[in-house]
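Participant: Going by numbering that gives the first Met the number 0, the first residue of the sequence shown is number 0, and it counts up by one from there.
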Amino acid sequence: MNSLIIAANLTKRTIGNWKGMLLYIFMPALAVSLIIGLLGSGGQQAVAIYYVNADEGAAGAHMIRELSRNAKYELTEAGDADKLKQAVIGRKAAAAFVIPSGYTAALLAGKTDIPKIRHYELTMSEGSYSLRIALDQMTGRIRSSAELLTSAGAGGREAAFARMLEETEKHRITYTLTDYGWYENPALALATGIMILFIMALIGHSVAVIVEDRRQHTMMRMYAAPVRASEIALGNFLGSFLVGLLQIVIVLAFTRFALGFDYGLSFGSHLLVMLAFLFAVLGIASTIAGLVRHSENIGALQSMISTPMCMLGGCFWPVSIMPEFMQKVASFVPQSWVMDAVKRLATGQGISDLALHFVVLLLFGFVLGGFGAAVLGPASQESG
């Protein structure tokens, strides 16, 4: 009961005002949302494509219908070639193309100088390149169909050609695209790294609260009261854990359900991994809080402990690009374990495959938290 009262008091001191709510609840959600906005929402967005179909026959209409069925493209008909070019220059369209006049007639006449479909793009992108490939494939298929009709020498070529294209559009042979999830979303690592940074900020706050209690002689009065030392340590731990839990849940819920970001792993497994990391972080905070005795030392905490640990753990860049000896050192910080766990979940592994990760994170929390609880107490000489 005493631990719950201490936890409730710590929670109130942390997020009981607008400054605390902004720093520990809203800022993490905004920061992660910004990263997702810069690196992509994780979903497939249609590429804006402008076109002009000057062909009077079936080939041009067939190409437009086929591209319109592709969810990757958002086709818009331009009035003329000048408007089409302006759309590309103004970046209203990622790419554009023009089907020339007499294209179908030239195909059926068996001409060698068939008018070429003109493709426009300001800068090459995935969308513009895929459009170029799609156009090349369609023109090759249409030309082969026209050559078959021409070599057969049958009459009524235009009607037969139109029927051939209609049959092609039925797509009697289909395919299924299977995503095995072997690659995580490019924004996942950095978004998770930013979340970890804000969770690490709880270390500084938790330590600051305990040092402030020492300075104000609050901790001395708590230890003089009929409250066990374990209850005081547990209360501080539970209060910080509750704030961290609220922070993680709001960030994950907002980015998933409001922004629609696809992390590539379930909400429950993601939350479980982040809570295991939070447990480890609060163990570190307990140890530091038991050792730090003066408020002037708190300022150096972020630069000397939190930031280097995040750098070693792969919050800013992949651990794999670091020298081999630094990769070995990274195994001694909890950030590397949680980053690896999230990536493994995003590539198809399950919670059962992460037993070692959870054991290591829980050991961080229990060992360091136990040490912190043992050394926690009022200083022999309070700083006033």
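Here a beta-carbon is modelled for each residue, glycine too, at the ideal position from N, C-alpha and C. A quick note: this is a predicted structure, and the numbers were derived from the prediction, not measured.
What's the gap between the Cα of residue 128 and the Cα of residue 83?
Facilitator: The C-alpha of residue 83 is placed about 18 Å away from the C-alpha of residue 128.
Participant: As a quick exercise: from 310, 313, 205 and 158, pick the residue whose alpha carbon is nearest that of residue 288.
Facilitator: 205
Participant: Return the CA-CA distance between residue 77 and residue 62, expressed in angstroms with no decimal places.
Facilitator: 16 Å
Participant: Using beta-carbon positions only, say whether residue 93 and residue 47 come within less than 9 Å of one another.
Facilitator: yes
Participant: Considering Cα atoms alone, identify which of 68, 158, 71 and 74 is closest to residue 58.
Facilitator: 158
Participant: Roughly how many angstroms lie between the CA atoms of residue 227 and residue 15, to the nearest whole one?
Facilitator: 26 Å
Participant: With DSSP run on the structure shown, which of helix, strand or coil describes residue 171?
Facilitator: Looking at residue 171 - three-state DSSP - the assignment turns out to be coil, as it is neither helix nor strand.
Participant: Just the C-alpha distance for residue 20 and residue 13, rounded to the nearest angstrom, thanks.
Facilitator: 8 Å
Participant: Which of helix, strand or coil does DSSP assign to residue 75?
Facilitator: If DSSP states are grouped into helix, strand and coil, residue 75 belongs with the strands.
Participant: Less than 9 Å between the C-beta atoms of residue 208 and residue 9, yes or no?
Facilitator: yes
Participant: Let me make sure I understand the geometry here. Which of 168, 135 and 195 has the alpha-carbon closest to that of residue 384?
Facilitator: Residue 384 lies beyond the residue range present for the chain, which begins at 0 and ends at 383; the question has no answer from this structure.
Participant: Assuming residue 98 is part of the alpha helix (DSSP H), what are its boundary residues?
Facilitator: Careful: residue 98 lies outside any alpha helix (DSSP H), inside the beta strand (DSSP E) at 94-98.
Participant: How should residue 41 be labelled, buried or exposed, when 16 other C-beta atoms within 10 angstroms of its C-beta is the threshold for buried?
Facilitator: In this predicted model, residue 41 has a pLDDT of only 49, less than 50, meaning its place in the structure is not dependable; the value taken from the coordinates is given anyway. So residue 41 ends up on the buried side.
Participant: Just to confirm the assignment, what range does the alpha helix (DSSP H) spanning residue 341 have?
Facilitator: 333-345
Participant: Name the DSSP bridge partner or partners of residue 119?
Facilitator: Note: residue 119 sits in a beta bridge opposite 95.
Participant: By alpha-carbon positions, which one of 245, 309 and 232 ends up nearest to residue 2?
Facilitator: 232
Participant: How about residue 51 and residue 254: are their beta carbons less than 9 Å apart?
Facilitator: no
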